[in-house]
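K.L.:
Residue numbers (the working numbering), protein chains in the order written: chain A, 48 to 317; chain W, 48 to 317. Beta carbons are placed, not taken as given, at the ideal position from N, Cα and C, and that holds for glycine.
2 protein chains.
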Amino acid sequence: MRLRPEFEAFSGLILDLDGVIWVGKRPIQKAIETVRKLKELELKIMFVTNNSMRSRKDYERRLRSLGLDVDIGEIMNSGYATALLLREKYGKGSAYVVGELGLVEELEGQGLRVLTREECWKGGADFVIVGMDREFNYWKIATAMRAIRRGALFVATNGDKTFPSEMGLLPGAGSMIAAISAASGKEPDIVVGKPSSHIFDIALKKLGLRRDKVLVIGDRIDTDVEGARRAGMKSLLVLTGVTREEELRSSAIKPDFVLSSISEMFTRDP
Amino acid sequence: MRLRPEFEAFSGLILDLDGVIWVGKRPIQKAIETVRKLKELELKIMFVTNNSMRSRKDYERRLRSLGLDVDIGEIMNSGYATALLLREKYGKGSAYVVGELGLVEELEGQGLRVLTREECWKGGADFVIVGMDREFNYWKIATAMRAIRRGALFVATNGDKTFPSEMGLLPGAGSMIAAISAASGKEPDIVVGKPSSHIFDIALKKLGLRRDKVLVIGDRIDTDVEGARRAGMKSLLVLTGVTREEELRSSAIKPDFVLSSISEMFTRDP
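#1: Counting only C-beta atoms, is L100/W closer than 8 Å to chain A at any point?
#2: As a quick exercise: from G114/A, A226/A, L154/A, S310/A, pick the residue whose alpha carbon is nearest that of Y143/A.
#3: Going by the beta-carbon positions, is the gap between A191/A and V175/A smaller than 8 Å?
#4: Report the partner residues of W69/A according to the DSSP bridge assignment.
#5: Roughly how far, in whole angstroms, is the beta-carbon of N124/W from the beta-carbon of S141/W, given that I think they are within contact range, below 8 Å?
#6: With a cut-off of 8 Å on the beta carbons, I'd call V67/A and T287/A a contact; round off their distance for me.
#7: Please decide whether N205/W counts as near chain A, where near means a Cβ-Cβ distance under 8 Å.
#8: Is the shortest distance between the beta-carbon of I237/W and the beta-carbons of chain A less than 8 Å?
#9: List, in chain order, every chain W residue whose beta-carbon is nearer than 8 Å to that of A208/A.
#10: Taking the alpha-carbon positions, what's the V117/W to E80/W distance?
#11: Output the distance between the C-alpha atoms of P15/A and E135/A, rounded to the nearest integer angstrom.
#12: Between which two residues does the alpha helix (DSSP H) holding A128/A run?
#13: Hey, does N184/A have any beta-carbon neighbour from chain W nearer than 8 Å?
#14: Is A163/A helix, strand or coil by DSSP?
#15: Can you pull the DSSP bridge partners for F57/A?
#16: L217/A CB to nearest chain C CB: under 8 Å?
#17: State buried or exposed for K281/W, treating a residue as buried only when at least 16 other CB atoms are found within 10 Å of its CB.
#18: Which first and last residues belong to the beta strand (DSSP E) in which L216/W is found?
#19: Which chain W residues sit within Cβ distance under 7 Å of R181/A?
#20: For M280/W, which of helix, strand or coil comes out of DSSP?
#21: Determine the direct distance from the alpha carbon of T270/W to that of G240/W, and round the result to whole angstroms.
#22: With a 10 Å radius around its C-beta and 16 neighbouring C-beta atoms as the bar for buried, classify S228/A as buried or exposed.
#23: What are the partner residues of P302/A, as DSSP defines its beta bridges?
#24: Since I believe G149/A is in contact with G126/A (beta carbons under 8 Å), could you give me their beta-carbon distance rounded to a whole number of angstroms?
#25: Does the beta carbon of M192/A come closer than 8 Å to any beta carbon on chain W?
#26: Let me know the secondary structure DSSP gives R49/W once reduced to three states.
#27: Can you pull the chain W residues whose beta carbon is under 7 Å from the beta carbon of I195/A, in chain order?
#28: Helix, strand or coil: which one does DSSP assign to K104/A?
#29: Can you list, in chain order, the stretches of the beta strand (DSSP E) that have 3 or more residues and sit fully within the stretch 219-266 of chain A?
#30: For the beta strand (DSSP E) that T209/A lies in, which residues bound it at each end?
#31: DSSP on D93/A, reduced to helix/strand/coil?
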């Protein structure tokens, strides 16, 4: 078993989670074994996900429970990427957050002051940060629109309009962003998650590798493959997630490599 | 005191409420007196509002409390217009409603079966009807998107993205529609309220008058004036509401008449 020659040039991997390592609650066993082998080859790995609902600690816990020796420094979710980007570009500030606990945790972890709805309603905010939020409601739209109309920077963790779940397709952060955009008369100033290059640039910096040395691996053409293209990195599309071969054939966006699963990165040939 | 000659040709009036008869909670006394005089001249009147939160009965009560002898048959809100349109075009059916009690009341009044979230989640719906809803939340988006993706007709009471209130600008039905559109990957099949011509056509039918015999009066260029244009009716813009003269000057859409208030429809000249 050895790595296929086309992958030998890479020193690092940016790996999507849902659709690559697991599908919803179900782990993909062969993929997990592959990650273990890739780590043995001393390839640097960064798991990158658009999901902002859980914190990096949650992901570390889950990956460890699947038997992967993963450190929190190898995980990048859109919430953490947003926190890093804002800290780097703007320093500290106050934020009204439409999002779940995992997002708030990452933002506070980077020194952002997260406001209550009442605080924001009265005094405004430096940032309005919008991610997936199952507690999304009318008054959150009203508070966000008010702050944005008063000049807060409108930041989206990611633009996914839907995401697959055990219950079927559910509304994603992009749906919440659409409501707030309509009410505030403004599109987000920054979108951090894939296919924006921001999240890839931040992951790359953490990996400390050159752009051409890193391969992006994911299951979605519109986020993983398109995001890699925008960030100037090579991409590998795997078919263990949402993308079917027909869709790939009809897509104008083409990955550099396609495999049925990341386990196919290794070959039995001598 | 007599009607200005330019208005003598009209036998009916379609009158907006907010910005014409009252501004939020504050009644415009001179406008109310003018409506009384217009009714004395036996002009047929229909009050037409995009607001779907209250029922026609609520409006009848409010207008009567202001001293106007108004009948429920003279009131058309976007909820009632939606109910009439659906009954006429599709007969009966089941509806998942994102909206307030006033809307549900009008829909049930026309024989539509309004589903609970649980009923809709399990079985789908013939219509998803979206209006302004201060109880809007994530699971309403999810339920609506699911029903629309399964084939329900997507109906919007009106598309206003914001509306003015005592608390400042608040998100309108258009903001909720944007979230559901993003998640369902589909724009509304029907928008009933202004500036759509549907609500004007329904009001016209109720008035029983020819299109050229009815004047549309309102305070907004983008809904009242533009709606009148689309419906092929003449319009009078009044400046008692949201529109300022500067805005009118820079607008590409022009009303047929402009007055500072409807009270100016009468003149003291002999």
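P.N.:
By the coordinates alone:
#1: To locate residue 100/W, count along the second sequence from 1; it is residue 53. Correcting the residue identity first, residue 100/W is Met in this sequence and not Leu. Answer no: the Cβ-Cβ gap between M100/W and chain A never drops below 8 Å.
#2: Taking the first residue of the first sequence as position 1, residue 143/A is located at position 96. It is L154/A whose Cα lies nearest to the Cα of Y143/A.
#3: Taking the first residue of the first sequence as position 1, residue 191/A is located at position 144. Taking the first residue of the first sequence as position 1, residue 175/A is located at position 128. Yes, they are a contact pair.
#4: By 1-based counting over the first sequence, the position of residue 69/A is 22. In DSSP, W69/A forms a bridge with D65/A, P74/A.
#5: Within the second sequence, residue 124/W is the residue found at index 77, counting from 1. Within the second sequence, residue 141/W is the residue found at index 94, counting from 1. Between S141/W and N124/W the Cβ distance is about 22 Å, and since that is not below 8 Å, they are no contact.
#6: Residue numbering aside, residue 67/A sits at position 20 when the first sequence is read from its first letter. Residue numbering aside, residue 287/A sits at position 240 when the first sequence is read from its first letter. Indeed they touch by this definition, with Cβ atoms about 6 Å apart.
#7: Taking the second sequence and counting its residues from 1, the one referred to as residue 205/W is at position 158. Not closer than 8 Å to any Cβ of chain A, the Cβ of N205/W fails to qualify, so no.
#8: Along the second sequence, read from residue 1 onward, the residue named residue 237/W stands at position 190. By this cut-off, I237/W is not an interface position.
#9: Within the first sequence, residue 208/A is the residue found at index 161, counting from 1. Per the sequence shown, the amino acid found at residue 208/A is Lys instead of Ala. Ordered by position in chain W, the residues that pass the 8 Å Cβ test against K208/A are A229, A230, G232.
#10: Mapped onto the second sequence, residue 117/W falls at position 70. Mapped onto the second sequence, residue 80/W falls at position 33. About 13 Å.
#11: There is no way to answer for residue 15/A, as the model of chain A reaches only from 48 to 317.
#12: Along the first sequence, read from residue 1 onward, the residue named residue 128/A stands at position 81. Counting along the chain, the alpha helix (DSSP H) containing A128/A begins and ends at 125-137.
#13: As a working note, residue 184/A is residue 137 in the first sequence. At least one chain W Cβ lies under 8 Å of N184/A.
#14: Residue 163/A sits at position 116 when you count from the first residue of the first sequence. One detail in the question is off: residue 163/A reads as Thr in this sequence, not Ala. Coil at T163/A, not helix or strand.
#15: Indexing the first sequence from 1 puts residue 57/A at position 10. Answer is none; F57/A lacks a bridge partner.
#16: Among the protein chains of the structure shown, namely A and W, there is no chain C.
#17: Here residue 281/W refers to the residue found at position 234 when the second sequence is read from its first residue. Per the 10 Å Cβ criterion, buried.
#18: For the purposes of this step, residue 216/W is taken as the residue at position 169 of the second sequence. L216/W: member of the beta strand (DSSP E) spanning 215-218, first to last residue.
#19: The residue labelled residue 181/A in the question sits at position 134 within the first sequence. Simply Y185.
#20: On the second sequence, residue 280/W is found 233 positions in, with the first residue counted as 1. The answer is coil: DSSP assigns M280/W none of H, G, I, E or B.
#21: Taking the second sequence and counting its residues from 1, one reaches residue 240/W at position 193. Taking the second sequence and counting its residues from 1, one reaches residue 270/W at position 223. Approximately 8 Å, taken between the alpha carbons.
#22: Counted from its first residue, the first sequence places residue 228/A at position 181. S228/A is buried by the Cβ-count criterion.
#23: If you number the first sequence from 1, residue 302/A lands on position 255. Per DSSP, none; premise fails for P302/A.
#24: Locating residue 126/A in the first sequence gives position 79, counting from the first residue. Locating residue 149/A in the first sequence gives position 102, counting from the first residue. The pair is a contact, with the Cβ atoms about 6 Å apart (cut-off 8 Å).
#25: For the purposes of this step, residue 192/A is taken as residue 145 along the first sequence, with counting starting at 1. Yes - at least one Cβ of chain W is within 8 Å of the one on M192/A.
#26: For this step, residue 49/W is matched to residue 2 along the second sequence. Looking at R49/W - three-state DSSP - the assignment turns out to be strand.
#27: Against the first sequence, residue 195/A aligns to sequence position 148. What I195/A touches in chain W: nothing, since even the nearest Cβ is about 11 Å away.
#28: Along the first sequence, one-based indexing puts residue 104/A at 57. K104/A: helix per DSSP, three-state reduction.
#29: 261-265
#30: Locating residue 209/A in the first sequence gives position 162, counting from the first residue. Segment 209-212, the beta strand (DSSP E) holding T209/A.
#31: Sequence index remark: in the first sequence, residue 93/A carries index 46 (1-based). One point to set straight first is that residue 93/A is Met, not Asp, in the sequence displayed. Per DSSP, reduced to three states, the secondary structure at M93/A is strand.
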